[in-house]
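Before any comments, here is the structure.
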Amino acid sequence: LAQLGFVVVSIDARGTPGRSKAFHDASFLSAADLQLDDHVAAIGALAVRYPGMDLTRVGIYGHSFGGYSAARALLRHPAFYKVGVASAGSHSFQGMYGGAIHGMDRLVGGQPVYADGTAVRPAADAVPALFQPLANDALADRLQGRLMLVYGDLDENAMPALTLQLARALTLANKDYDLLYLPNQDHELFRNDDYYMRRM
Numbered sequence: 017l018a019q020l021g022f023v024v025v026s027i028d029a030r031g032t033p034g035r036s037k038a039f040h041d042a043s044f045l046s047a048a049d050l051q052l053d054d055h056v057a058a059i060g061a062l063a064v065r066y067p068g069m070d071l072t073r074v075g076i077y078g079h080s081f082g083g084y085s086a087a088r089a090l091l092r093h094p095a096f097y098k099v100g101v102a103s104a105g106s107h108s109f110q111g112m113y114g115g116a117i118h119g120m121d122r123l124v125g126g127q128p129v130y131a132d133g134t135a136v137r138p139a140a141d142a143v144p145a146l147f148q149p150l151a152n153d154a155l156a157d158r159l160q161g162r163l164m165l166v167y168g169d170l171d172e173n174a175m176p177a178l179t180l181q182l183a184r185a186l187t188l189a190n191k192d193y194d195l196l197y198l199p200n201q202d203h204e205l206f207r208n209d210d211y212y213m214r215r216m
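Here the sequence shown is numbered in the working numbering, starting from 17 and rising by one per residue.
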């Protein structure tokens, strides 16, 4: 991307390891929200230091949890992020395997509990209270920039249905977006799909 003229940054925001326990634990129960706030602040500070940066054309891309974060960036900070590519994102945590895959139960504050007090979904559209603030589809009406959602139909980590759930919410909110479906691709689709890389 840098060879194409883009300014590329990678930011270790609050919630990333390698500093202190308090820094690492800062984003507990907020999923990507604090990290995205830190990204906006850091990019803004960099633009002051490097006036050649154009803050009217900020983009973001990510894969897996980064895919969730890339979509969430455009939804939480619609005036800042203008374009995003979100591949293999788990855009709604209630679609994860029992909430425990990859320690997601620790990220969101525990196993799912529904309004009736049980851990078993009482209805197809029921969402556990602790998952509701983390769902990207709840923010679909905030999209202003260009968003491309990418998924592989064989992904057993970030279920394709989670991307389609966000796509449905964007459609219902009358938002324009791109949806790239990659047949016979699993969670590692970015490693071996030249078509995806060209579209990105």
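Think of the CB as a built atom: it goes at the ideal place given N, C-alpha and C, for glycine as much as any other residue.
Check: Closest by C-alpha distance to V24, when choosing among N173, L50, P144, D70; Outcome: D70
Check: Where the alpha helix (DSSP H) containing S85 begins and where it ends; Outcome: 81-92
Check: Contact under 7 Å by Cβ, D153 with S85; Outcome: no
Check: Closest Cα partner of A140 within the set Q110, L62, A189, T179; Outcome: Q110
Check: Nearest candidate by alpha-carbon position, reference Y197, set N190, L205, K191; Outcome: L205
Check: Which of helix, strand or coil DSSP assigns to L178; Outcome: helix
Check: Short Cβ contact (7 Å threshold) for A38 with R30; Outcome: no
Check: Backbone secondary structure at M69 - three-state DSSP; Outcome: coil
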